[in-house]
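Visitor: Under UniProt numbering, the first residue of the sequence shown carries the number 1, and numbering increases by one thereafter. For each residue, glycine too, the CB sits at the ideal point set by N, CA and C. The model shown is predicted, which means the values in this text are computed figures rather than measured ones. Just passing along the structure, written as structure tokens.
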Amino acid sequence: MTFGANDTWIPLTSTTVNGVNYIQTSTPVDFSNGDGEYFTFSTFVVGPGGVDESLRLWLRADIGFTPNVWTDQSDGANDFTQTNASRQPTLITADTKHNFNPSVDFGNATAAGAKFMAVPTGKPYNANGMDSSFFMMINPRAFGPSTYNEYFGFGGTTTTANLTEANFPSYTNNGTAGNMQVYPNPASSMPRTLNKTQLPDFSYTIGGPVTYGLDGQNQTVGGAVAAGNSRTASGAILGGQPSYFPNADMGEAIGYQRELTSLEKQRIRSYLAIKYGVTLQQPLNYLSSDATTVTWNSSLNTSFNNNIFGLAKDDATVLDQLVSNSINTENNIMLTISTTNDFISANTSQGRLDFLQDKTFLIMGDNNVQLLPMQSYGLPPGKIIQRKWLAQRINDTRATWLQADLSRYTEIVATDKAYMVVADDSNFSQNVVIVPATSFSAGKAVFNYSFPSNKYFTFGVNLQSYCTKDPATGTPNAMTKFGITGQSGKQPNWPLNIPNGFMALESKTKGFVITRTTSGSIANPVEGMMIFDTVDKCFKLYNGTSWNCIKRSCND
């Protein structure tokens, strides 16, 4: 018997009886099928980006860190420890620089101030001379003062007050530009950026060259990695080594005892990029943990492949990013999104609202236009900013909160009314929705909106949110002659007392439900057809060319 995705999968819960843990179904299971039914039990394996094969190390600042032990989240049980208080790293509480996630500080650029943790010999990989792939989230504060800034090195195991050497290989920076290097192999020519959280990764197969990655950018550097320079089971040092100080904080460290495929790297990079608000080198799609879902389609509109960030729930990679901003402060980041009206607290704050469904994503990128003059839009005095965003959604994200910092736009004054403009196109001319701010204070406008799939949006002031017209006067030119009622007795002259209708429906306890489906399911739509789209959660009308959500707007 082969079990697959089309079978019935029933979640199990844990319960304890007399000190013994049992697994049980939450509801009764029906075995009434006369032909007999097969069943078995399974577990849910997780890993960064959903990649768990040969995973030996997964350190996360948001789970399992204390100054004396950083608990490994992989099955390798490679906990890093530091028993000497003077060398213990400290936790940096969650902030916008790390996309509302915490990070671990490994000290300053001095021998006295450098911090480190270690894992003993026989770890972290199963043997020496192994292939390796290693991913880190690092925020470097300086390069130097020596030639290298050591972050991780195999072959050192001591947790004393003295710094310990671990060099074969070491994942480090080389030179004052911060070029990545797997020492003692040749360095890359990709420089790091000071005071910015970045995603460097390093991989090699014994006898082959090193492949470097930096925020999704790849570079392979010639020179064969010798087995003797891969002391992967001789212990390891995370943090400072003698004369080579990280002067940095780290949010995550991930190690595999094999060289991963390009697709596997893309999945892990996508996970880390979304979690930490990092924009991967474009054009490059972001992928879910099962590699079947493109969470950011970089080809949809290449003008918007800038400052990418978003919200996500992906169980196979233990990703629950419920508040987010891009960390690209050099591009004047001004937008924060959240599942609640809270743009300050940590991502793991208990007050945050989780998504209901696995594989749920709301990812955004912008056109990176930083010009401050505003453009006229709609009727005077309406204006919008020149910066625009594209939102790509997978599954139901429900109503999302957004905070736009408009304080740099000097044309906006405190008495203006702020709005968000949402449309199907980047010119904001098709299926336009005007969303008023729920609050606008100190230049910051807050909005609450449920995004349909693939929408453009921007912000403006003094826009008309809808049109009003005077009611028609005079005598109606026709009366309704056909009616369906759920009442025990109809009104006098009903339905003739309802003018200008073809059919009237009447009930106090029943609702009217039109066809519920998706526009893509209608093989041969005709002009004037209307449905409730169960994916985009709106009434849609087919105009003879395309399906569009019915929105309140100005049509004159």
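Can you check DSSP and say which residues form a bridge with residue 645?
Guide: Outside the shown range of the chain, which is 1 to 556, sits residue 645, and nothing can be said about it.
Visitor: Closer than 8 Å is the cut-off here; do at least three beta carbon pairs connect the segment 498-514 with the segment 404-416?
Guide: no
Visitor: Excluding five sequence neighbours on each side, which residues of the same chain lie with their C-beta closer than 8 Å to the C-beta of T534?
Guide: R516, T517 and T518
Visitor: When you compare only the Cα positions, how much space is there between V318 and P48?
Guide: 8 Å
Visitor: Where does A248 fall in DSSP's three states?
Guide: strand
Visitor: With DSSP run on the structure shown, which of helix, strand or coil describes D366?
Guide: strand
Visitor: Does M136 pass the burial test, meaning 16 or more other C-beta atoms within 10 Å, or should it be called exposed?
Guide: buried
Visitor: What would DSSP say about L263, mapped onto helix, strand or coil?
Guide: Looking at L263 - three-state DSSP - the assignment turns out to be helix.
Visitor: Per DSSP, P452 is paired with what?
Guide: The partner list for P452 (beta bridge, DSSP) is empty, contrary to what the question assumes.
Visitor: Would R192 pass as a contact of P184 if the rule is Cβ separation under 9 Å?
Guide: If you check the CB distance, R192 and P184 do not come in under 9 Å.
Visitor: Check each candidate in F539, N543, L379 and M479 and name the one with the smallest Cα separation from G460.
Guide: L379
Visitor: I'd like to know whether the C-beta atoms of E411 and K455 end up nearer to each other than 9 Å.
Guide: Taking 9 Å as the Cβ cut-off, E411 and K455 do not qualify as a contacting pair.
Visitor: Do N297 and Q217 have their C-beta atoms closer together than 9 Å?
Guide: no
Visitor: Tell me whether G255 sits in a helix, a strand or coil according to DSSP, three-state version.
Guide: Looking at G255 - three-state DSSP - the assignment turns out to be strand.
Visitor: Could you check whether I522 and F539 sit closer than 9 Å to each other, using their CB atoms as the reference points?
Guide: no
Visitor: State buried or exposed for L280, treating a residue as buried only when at least 16 other CB atoms are found within 10 Å of its CB.
Guide: So L280 counts as buried.
Visitor: For S303, collect the residues of the same chain with a Cβ closer than 8 Å to its Cβ; drop the 5 residues on either side in sequence, then sort them by chain order.
Guide: N367 and S426
Visitor: Grab me the residues of N332's own chain with a C-beta within less than 8 Å of its C-beta, minus the 5 sequence neighbours each way, in chain order.
Guide: Within the same chain, and ignoring the five residues on either side of N332 in sequence, the residues whose Cβ sits closer than 8 Å to its Cβ are Q370 and R408.
Visitor: Only counting the same chain, and skipping five residues up and downstream in sequence, which positions put a Cβ closer than 6 Å to that of W389?
Guide: M364, D366 and F457
Visitor: If you follow the beta strand (DSSP E) that V46 is part of, which residue opens it and which one closes it?
Guide: It is not in any beta strand (DSSP E) - V46 carries neither H nor E in the DSSP assignment.
Visitor: Take P28 as the anchor and find which of T40, V17 and I10 has the nearest alpha-carbon.
Guide: I10
Visitor: Just to check my reading of the structure: A161 and S103 have Cβ atoms closer than 8 Å, yes? What is that Cβ distance to the nearest angstrom?
Guide: No, A161 and S103 are not in contact; Cβ-Cβ is about 24 Å, not under 8 Å.
Visitor: Kindly identify the DSSP beta-bridge partner or partners of R516.
Guide: F532
Visitor: By Cβ distance, which residues of its chain are closer than 7 Å to F451, with the 5 residues on each side in sequence left out?
Guide: L362, A391, R393, T397 and T400
Visitor: For I92, which beta-bridge partners are listed by DSSP?
Guide: S103
Visitor: Can you give me the start and stop residues for the beta strand (DSSP E) that T172 sits inside?
Guide: S170 to N174
Visitor: Quick test of the definition: if touching needs 3 or more C-beta pairs under 8 Å, does the segment 206-217 touch the segment 55-64?
Guide: no
Visitor: Can you tell me which of the three DSSP states I268 falls into?
Guide: helix
Visitor: Can you tell me the Cα-Cα spacing of R60 and I274, whole angstroms?
Guide: 15 Å
Visitor: On a Cα-Cα basis, can you pick out the residue from W58, N395 and V69 that is closest to I268?
Guide: Nearest C-alpha to I268: W58.
Visitor: State the Cα-Cα distance for the pair F482 and W494, rounded to the nearest angstrom.
Guide: 9 Å
Visitor: On the criterion of 16 or more Cβ atoms from any shown chain inside 10 Å, does M374 qualify as buried, or is it exposed?
Guide: buried
Visitor: Please go through the same chain and pick out, in chain order, the residues whose beta-carbon is closer than 7 Å to the beta-carbon of A316, but skip the five residues on each side of it.
Guide: V46, G50, S289 and D290
Visitor: In three-state DSSP terms, what is residue 557?
Guide: Any answer about residue 557 is impossible in this case: the structure gives the chain only from 1 up to 556.
Visitor: May I have a chain-ordered list of the beta strand (DSSP E) segments no shorter than 3 residues that lie completely inside the segment 174-241?
Guide: 179-183, 187-191, 200-204, 210-214, 217-221 and 236-239
Visitor: Taking the C-alpha atoms as reference points, what is the distance between G310 and T480?
Guide: 51 Å
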